[in-house]
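Protein chains in written order, with numbering that gives the first Met the number 0: chain A, 0 to 155; chain B, 0 to 155. Glycine included, C-beta positions come from ideal geometry on N, C-alpha and C.
Protein chains: 2
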Amino acid sequence: MIRTQVQAPPQAWAALLRAHAVTTRALSAQLVADHGLTINDLEALLRLSHAEDQRMRRVDLADALLLTASGVTRLLDGLESAGLVERATCASDRRVVYAVLTEAGRAKLQEASESHLAEVQALFEERFDEDELAQLGELLGRLHGGDAATAEECTP
Amino acid sequence: MIRTQVQAPPQAWAALLRAHAVTTRALSAQLVADHGLTINDLEALLRLSHAEDQRMRRVDLADALLLTASGVTRLLDGLESAGLVERATCASDRRVVYAVLTEAGRAKLQEASESHLAEVQALFEERFDEDELAQLGELLGRLHGGDAATAEECTP
DNA sequence: CCGCTATAGTTGAGAGCGCAAGCAGTTTAC
DNA sequence: GTAAACTGCTTGCGCTCTCAACTATAGCGG
């Protein structure tokens, strides 16, 4: 019998997969249970809150969240029906639909962020010191080519 | 109006999410297109190939792949109907069902590993030198508590 | 002005996976 | 020896997300 020996892929790749699975599972479950938001929901609210006028085009949001256009549509469907986000059209380009953070959305974000941030920090700062944290961020950051996403503005 | 300022979560966490999304997307799509296997399919075959007698209990496989029991059931459903894996029962404990790598499974693994490994390596070794790679692996490895999964044996 | 191509967004089908519930079979406690 | 608790596995349902197909603008070259 031929012993076909196949090596394991680089340890870093396996570690990345595992790290993502483990941390996401832990953090996401908590977030859903406590506030009824997924990680991406929260990320979306967060992005919107930082955006000018608290609104973004759906395409830009998709870019930011690493989702496809359809993914964003569905995600916003949820946030919209929960009243956390509203749609707004753009006068100068009738194709675009903005997602706008509502007052309720801001409140929800505020509330959910607190506990979520605490958990994220617990998870990370318990295991890494400041230098390591920075280094980890830097290394992981290299994995996607230097794509600087500049959000488009719809000048009215 | 109250400007509710919410900080972004630690950069490392965001970077981890993005890194996973980006790399997985790239590698997985290729893998599916070329060989009809998902990352987890491949990982499962790989684990089995390294296991004693090329077989594992489903529970242990779930553990190794960071899936739930039901996830493994479905995953193996696929591999089974593709003929890459077979089931075998355990004489001493009739609850357990083994997943056994078939000859076809070994061949498939061999074939798929080659291109997949090449891609993984391209992705990583293009961006990191050896030290960084090791460090990345070490850091990410810390994210799941020291759970040493020892695969159970079913002594016949 | 009329196609042509590119872009923003939506929708239907389907994959992958977790959760909760359920069923065998095994172990423990009395 | 039997009831209670536990374990391995499967199944129904729901969620998120992608892909492919489609609509509606926008902007260009002739």
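Where residue i meets chain A, residues with beta-carbon distance less than 8 angstroms
i: residue 21 of chain B; result: 65, 142, 143
i: residue 103 of chain B; result: Within 8 angstroms Cβ-Cβ: nothing; residue 103 of chain B doesn't reach chain A, min ~12 angstroms.
Residue interval of the alpha helix (DSSP H) (run including residue i)
i: residue 100 of chain A; result: Residue 100 of chain A -> not in any alpha helix (DSSP H); beta strand (DSSP E) instead, spanning 96-100.
i: residue 14 of chain B; result: 10-34
i: residue 90 of chain A; result: No alpha helix (DSSP H) contains residue 90 of chain A, which DSSP labels as neither H nor E.
i: residue 49 of chain B; result: 38-49
i: residue 72 of chain B; result: 68-80
Continuous beta strand (DSSP E) stretch holding residue i: start and end
i: residue 137 of chain A; result: Element bounds for residue 137 of chain A: not the beta strand (DSSP E) but the alpha helix (DSSP H), 129-140.
i: residue 56 of chain A; result: 54-56
Within chain A, the residues that residue i reaches when beta carbons sit closer than 7 angstroms
i: residue 120 of chain B; result: 9
i: residue 190 of chain B; result: No information on residue 190 of chain B is available, as it lies outside the stretch 0 to 155 that chain B covers here.
i: residue 47 of chain B; result: Per Cβ cutoff of 7 angstroms: no residues; residue 47 of chain B is ~11 angstroms from chain A at best.
i: residue 74 of chain B; result: Residues of chain A passing the Cβ test: none, with the nearest at roughly 14 angstroms.
Residue closest to residue i, alpha-carbon to alpha-carbon, out of the options
i: residue 49 of chain B; options: B/129, B/99, B/120; result: B/99
i: residue 27 of chain A; options: A/17, A/19, A/21, A/38; result: A/38
i: residue 45 of chain B; options: B/121, B/107, B/131; result: B/107
i: residue 58 of chain A; options: A/68, A/51, A/115; result: A/68
i: residue 34 of chain A; options: A/109, A/62, A/63, A/96; result: A/109
i: residue 87 of chain A; options: A/139, A/97, A/31; result: A/97
i: residue 29 of chain A; options: A/135, A/122, A/129; result: A/122
i: residue 62 of chain B; options: B/52, B/128, B/43, B/94; result: B/43
i: residue 89 of chain B; options: B/54, B/64, B/112; result: B/54
i: residue 78 of chain A; options: A/129, A/24, A/47, A/95; result: A/47
i: residue 20 of chain A; options: B/31, B/135, B/64; result: B/64
Contacts of residue i in chain A (Cβ-Cβ under 9 angstroms)
i: residue 17 of chain B; result: 65, 139, 140, 142, 143
i: residue 78 of chain B; result: What residue 78 of chain B touches in chain A: nothing, since even the nearest Cβ is about 16 angstroms away.
i: residue 32 of chain B; result: Within chain A, no residue comes near residue 32 of chain B; the closest Cβ sits about 17 angstroms away, beyond 9 angstroms.
i: residue 100 of chain B; result: Simply none; closest approach about 10 angstroms.
i: residue 36 of chain B; result: Under the 9 angstroms cutoff, chain A gives no residues; its nearest Cβ is about 13 angstroms from residue 36 of chain B.
Under 8 angstroms between C-beta atoms of residue i and residue j
i: residue 176 of chain B; j: residue 141 of chain A; result: Absent from the model: residue 176 of chain B. The displayed extent of chain B is 0 to 155, so no value can be given.
i: residue 143 of chain B; j: residue 56 of chain A; result: no
i: residue 115 of chain B; j: residue 41 of chain B; result: yes
i: residue 75 of chain B; j: residue 22 of chain A; result: no
i: residue 71 of chain B; j: residue 12 of chain A; result: no
i: residue 132 of chain A; j: residue 9 of chain B; result: yes
i: residue 60 of chain A; j: residue 111 of chain A; result: no
Chain B residues whose Cβ lies nearer than 9 angstroms to that of residue i
i: residue 126 of chain A; result: 138, 141, 142
i: residue 68 of chain A; result: The premise fails here: residue 68 of chain A is roughly 15 angstroms from chain B at the closest Cβ pair, so nothing lies under 9 angstroms.
Listed by chain order, chain B residues near residue i by CB distance under 7 angstroms
i: residue 50 of chain A; result: Neighbours of residue 50 of chain A on chain B: none; closest Cβ ~13 angstroms, over 7 angstroms.
i: residue 60 of chain A; result: Here the premise fails: no neighbours, minimum Cβ distance about 14 angstroms.
i: residue 87 of chain A; result: None at all; the shortest Cβ gap to chain B is about 18 angstroms.
Interface residues of chain B facing residue i [CB-CB closer than 8 angstroms]
i: residue 83 of chain A; result: Those within 8 angstroms of residue 83 of chain A in chain B number zero; the least Cβ separation is about 13 angstroms.
I want to know whether the region 96-114 of chain A touches the region 68-83 of chain A - three or more CB-CB distances under 8 angstroms. yes
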